[in-house]
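In case it helps, numbering that gives the first Met the number 0 puts the sequence shown at residues 0 to 423. Don't be surprised by glycine CBs; every beta carbon is placed ideally from N, CA and C.
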Amino acid sequence: MKKILLNNTLEEIAKTTNSTYQVDAATTLLKTGIPHTKIENWKYTNFSKYLPETWTFTNEPSSFSSSLRETEFNDYERIVFEDGFFNKGLSNSSLELNKIEDEKEITMLLSEFAQDQTDFFEALSRLSSKNLYTLNVPKSSQQKPIAIHHTYSVNAEGRWSQPVILIKAAELSESVFVEYFHDKENPSPTLMNSHLLFDVEKGAKLEHVRIQVEDTSSVHFSKTRANVARDARFHTFTMALGGQVARQNILVNINGENSESHVHGFFGMRDEQHNDIYSDISHNVGHNESHQLVKGILDDNARGVFTGRIVIQRDAQLVDSSQLNKNILLGTKSHMDTRPQLEVYADDVKCAHGATIGQIDPEEVFYLQSRGIKLEEAQKILCHAFAYDTLDKIQNEDVKAKVESLLFEKFEKYALEHFNKDEA
0 MKKILLNNTL EEIAKTTNST YQVDAATTLL KTGIPHTKIE NWKYTNFSKY
50 LPETWTFTNE PSSFSSSLRE TEFNDYERIV FEDGFFNKGL SNSSLELNKI
100 EDEKEITMLL SEFAQDQTDF FEALSRLSSK NLYTLNVPKS SQQKPIAIHH
150 TYSVNAEGRW SQPVILIKAA ELSESVFVEY FHDKENPSPT LMNSHLLFDV
200 EKGAKLEHVR IQVEDTSSVH FSKTRANVAR DARFHTFTMA LGGQVARQNI
250 LVNINGENSE SHVHGFFGMR DEQHNDIYSD ISHNVGHNES HQLVKGILDD
300 NARGVFTGRI VIQRDAQLVD SSQLNKNILL GTKSHMDTRP QLEVYADDVK
350 CAHGATIGQI DPEEVFYLQS RGIKLEEAQK ILCHAFAYDT LDKIQNEDVK
400 AKVESLLFEK FEKYALEHFN KDEA
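Have a look at this one:
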């Protein structure tokens, strides 16, 4: 049923457009189809079963919302996207966001990021989104944190929201971007296909904190790509707490010596939620380092997936790379699949990776109880400490405090109360 509907949708678009860019994308989509579990990188996530029977592409609205919901990040400079399109009226960033519509220029800019022409979601984006938004961080500048808000209109149900954003951090610049995917005041099925690209130039420092708290009727896919140059520092942290099904791809190309890339994250799932994190870190030259810590807490019937691939290319000597995935299962039916992968083609490197899946250690609970702490409080302390280990990787202290507050309000408050009731 879905394949027939997909074919009809793509064929209709192919008939009504004169754009080679879009026709090629439609051809790719018809050939590849929706990702399924027979594809190795999608082994544990059957995305097609979460899609609605029919879906359409979002047209730029004639008018935008005039107010933004209150969040922890409203006091930051902000860039607001509504249904995937720039809402200038709600934005107040000191950095100018440019809209690129020329297909040749878009193709040229995206070619630097080795776009996968056979990827379903990249083709879907090329098919329906004719815009690329670019933002330039000036050379040697120090920017205050900027929040990128992804919001939905009241008419967003069943429509793909597909922003494509390219951020260029010029040499010796320092910047922090908080990417915030909102839930809706009146929950309804929404579809997100977001692409955020970073070009971190020589000596630049860029921190990216991504927060996904969409409601449990949403279907979410996002891709973060980064090219990291010599002497640059790139930090990305993701916290996933929402969505019916959510998948994030994180792809980092380390292209310069003496650079650092940090790819960390936390996901907290409950009920029937499904979250999938796929990361691919490639050391294309030597004399640099990358570090990754991803943790998950799963309650009820939730399922988590982590695939972490680190590649040390041939002749990329003197690389220091580490990867660790740790998970706690609170529910008796919660489930976790983890696949740390390390591919080393150089011989003078320092690499380590590992993964663990378990429950709260009863000995640790007993230790805290022996110090006069009640059972309920001991469990909360241990779960929060487990999660905070990843939050502590956030460099900006103000952002870190806000993310910690969100963690409690959007996940711990429910999950740990439910957990304690089960223990009673």
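* Give the range of the beta strand (DSSP E) segment to which Phe72 is assigned. => Within the sequence shown, residue 72 is the residue found at index 73, counting from 1. Where Phe72 is concerned, there is no enclosing beta strand (DSSP E), given that its DSSP letter is neither H nor E.
* Comparing alpha-carbon positions, which option in Asp101, Asn40, His234 and Glu362 lies nearest Thr19? -> Stepping through the sequence shown from its first residue, residue 19 is reached at position 20. Ranking Asp101, Asn40, His234 and Glu362 by Cα distance to Thr19 puts Asp101 first.
* Pick helix, strand or coil for Ser42, following the three-state DSSP scheme. => Looking up residue 42 in the sequence shown gives position 43. In the sequence as presented, Ser is not what sits at residue 42; that position holds Lys. Here Lys42 sits in coil by DSSP.
* Asked: Going along the chain, which residues of its own chain have a beta-carbon closer than 7 Å to the beta-carbon of Asp230, five neighbours each way excluded?
  -> Residue 230 sits at position 231 when you count from the first residue of the sequence shown. Hits under 7 Å: Lys201, Gly202, Gly255, Asn257 and Ser258.
* To do: Pick helix, strand or coil for Phe119, following the three-state DSSP scheme.
  => By one-based count along the sequence shown, residue 119 stands at place 120. Helix.
* To do: Just tell me which of Asn154, Asn395 and Ile210 has its CA closest to the CA of Ser187.
  => Walking along the sequence shown from the start, residue 187 turns up at place 188. Ranking the options by Cα distance to Ser187, first place goes to Asn154.
* To do: Determine the contact status of Tyr344 and Arg313, defining contact as a CB-CB distance below 9 Å.
  => Reading the sequence shown from its first residue, position 345 is the one you call residue 344. Reading the sequence shown from its first residue, position 314 is the one you call residue 313. Yes; because the gap between Cβ atoms is below 9 Å, this pair is in contact.
* **Residue nearest to Thr215 in terms of C-alpha spacing, selected from Met268, Thr237, Met238 and Val227** => Within the sequence shown, the letter at position 216 stands for residue 215. Closest by alpha carbon: Met268.
* **Proximal residues to Lys409 (C-beta, below 6 Å), its chain only, five neighbours per side dropped** => Taking the sequence shown and counting its residues from 1, the one referred to as residue 409 is at position 410. Closer than 6 Å at Cβ, skipping near neighbours: Val212 and Leu240.
* Asked: Which first and last residues belong to the beta strand (DSSP E) in which His383 is found?
  -> Taking the first residue of the sequence shown as position 1, residue 383 is located at position 384. Where His383 is concerned, there is no enclosing beta strand (DSSP E), although the alpha helix (DSSP H) it sits in stretches over Leu374 to Leu390.
* Run through the segment 297-337 for me and flag every whole alpha helix (DSSP H) of 4 or more residues, listed as ranges in chain order. => none
* Residue environment, Gln378, which counts as buried when at least 16 other CB atoms sit within 10 Å -> Within the sequence shown, residue 378 is the residue found at index 379, counting from 1. The residue in question, Gln378, is buried, as its Cβ has 16 or more Cβ neighbours within 10 Å.
* Roughly how many angstroms lie between the CA atoms of Lys392 and Val22, to the nearest whole one? -> As a working note, residue 392 is residue 393 in the sequence shown. As a working note, residue 22 is residue 23 in the sequence shown. The straight-line gap from Cα to Cα measures roughly 43 Å.
* Asked: What are the start and end residues of the beta strand (DSSP E) that includes Glu184?
  -> Taking the sequence shown and counting its residues from 1, one reaches residue 184 at position 185. That residue, Glu184, is in no beta strand (DSSP E); it is neither H nor E in DSSP.
* Asked: From Leu328, Lys294 and Ala228, pick the residue whose C-alpha is nearest to that of His282; which is it?
  -> Reading the sequence shown from its first residue, position 283 is the one you call residue 282. Per the Cα distances, Ala228.
* As assigned by DSSP and simplified to three states, the class of Asp421 -> Taking the sequence shown and counting its residues from 1, the one referred to as residue 421 is at position 422. Here the model assigns Asp421 a pLDDT of 48, short of 50, so the residue's position is not dependable and the matter cannot be decided.
* Is Glu178 helix, strand or coil when you go by DSSP? -> Numbered from its first residue, the sequence shown carries residue 178 at position 179. Reduced to three states, the DSSP call for Glu178 is strand.
* Asked: Does the segment 342-356 come within contact of the segment 394-410, defined as at least 3 CB pairs closer than 8 Å?
  -> no
* Asked: Which of helix, strand or coil does DSSP assign to Glu408?
  -> The residue you call residue 408 lines up with position 409 of the sequence shown. Of the three classes helix, strand and coil, the one that applies to Glu408 here is helix, per DSSP.
* Buried/exposed call for Tyr132, threshold 16 Cβ in 10 Å -> As a working note, residue 132 is residue 133 in the sequence shown. Flag for Tyr132 reads buried.
* To do: Answer with buried or exposed for Leu134, where buried requires no fewer than 16 other C-beta atoms within 10 angstroms of its C-beta.
  => Position 135 of the sequence shown, counted from the first residue, corresponds to residue 134. It is buried - the Cβ of Leu134 has at least 16 other Cβ atoms within 10 Å.
* **With 16 other Cβ atoms within 10 Å as the buried cut-off, status of Glu422** => The sequence position of residue 422 within the sequence shown is 423, counting from 1. Confidence is the limiting factor: at Glu422 the pLDDT is only 47, short of 50, which leaves the residue's position unreliable and the question unanswerable from this model.
* Beta-carbon contacts of Leu250 that lie in its chain and below 6 Å, excluding the five residues immediately before and after -> Indexing the sequence shown from 1 puts residue 250 at position 251. These residues qualify, in order along the chain: Arg224 and Asp279.
* Counted within 10 angstroms of its Cβ, other Cβ atoms place Ser475 as buried (16 or more) or exposed -> This structure gives no information on residue 475, because the portion of the chain shown stretches from 0 to 423.
* To do: Compare the C-alpha of Arg77 against each of Leu89, Gly83, Ser66 and Glu69 and name the closest.
  => Working through the sequence shown from its first residue, we reach residue 77 at position 78. It is Leu89 whose Cα lies nearest to the Cα of Arg77.
* Kindly list the residues whose CB is nearer than 8 Å to the CB of Ile359, restricted to its own chain and excluding five residues on each side of it in sequence; keep chain order. => Here residue 359 corresponds to residue number 360 of the sequence shown, with the count starting at 1. Excluding sequence neighbours, Ile359 sits near Ile327, Leu329, Gln378, Leu381 and Cys382.
* Any chance the segment 103-123 sits against the segment 63-82, with 3 or more Cβ pairs inside 8 Å? -> no
* Asked: Taking the DSSP output, what are the residues bridged to Ser160?
  -> Start at 1 with the first residue of the sequence shown, and residue 160 comes out as number 161. Met191.
* Since Leu67 contacts Asn73 with CB under 8 Å, what's their CB separation in whole angstroms? -> Counting from 1 along the sequence shown, the entry for residue 67 is found at position 68. Counting from 1 along the sequence shown, the entry for residue 73 is found at position 74. Their Cβ separation, rounded to whole angstroms, is 7 Å, which keeps Leu67 and Asn73 in contact under 8 Å.
* Asked: Do you know offhand how far Gln142's Cα is from Gln322's?
  -> Looking up residue 142 in the sequence shown gives position 143. Looking up residue 322 in the sequence shown gives position 323. When rounded, the distance between both Cα atoms is 30 Å.
* What whole-angstrom Cβ distance do Leu94 and Phe85 have, given they're in contact under 8 Å? -> By one-based count along the sequence shown, residue 94 stands at place 95. By one-based count along the sequence shown, residue 85 stands at place 86. Not confirmed; about 13 Å, so no contact.
* Asked: Identify the residues that DSSP records as bridge partners of His286: which are they?
  -> Counting from one through the sequence shown, the residue named residue 286 turns up at place 287. Bridge partners of His286: none, in fact.
* State the CB to CB distance for the pair Val218 and Ala169, rounded to an integer number of angstroms; the pair is presumed to be in contact (CB under 8 Å). => For the purposes of this step, residue 218 is identified with residue 219 of the sequence shown, where counting begins at 1. For the purposes of this step, residue 169 is identified with residue 170 of the sequence shown, where counting begins at 1. Not quite, the Cβ-Cβ distance comes to about 36 Å (not below 8 Å), so this is no contact.
* Beta-carbon separation of Pro34 and Thr44 under 9 Å? -> The residue given as residue 34 occupies position 35 in the sequence shown. The residue given as residue 44 occupies position 45 in the sequence shown. A contact, by the Cβ cut-off of 9 Å.
* Neighbourhood of Lys294 by C-beta distance below 6 Å, restricted to the same chain and skipping five residues each side -> Within the sequence shown, the letter at position 295 stands for residue 294. Cβ neighbours of Lys294 beyond the five flanking positions: Phe265, Lys325 and Thr389.
* C-beta contact flag for Ile145 and Ile164 at 9 Å -> Reading the sequence shown from its first residue, position 146 is the one you call residue 145. Reading the sequence shown from its first residue, position 165 is the one you call residue 164. No. Outside cutoff.
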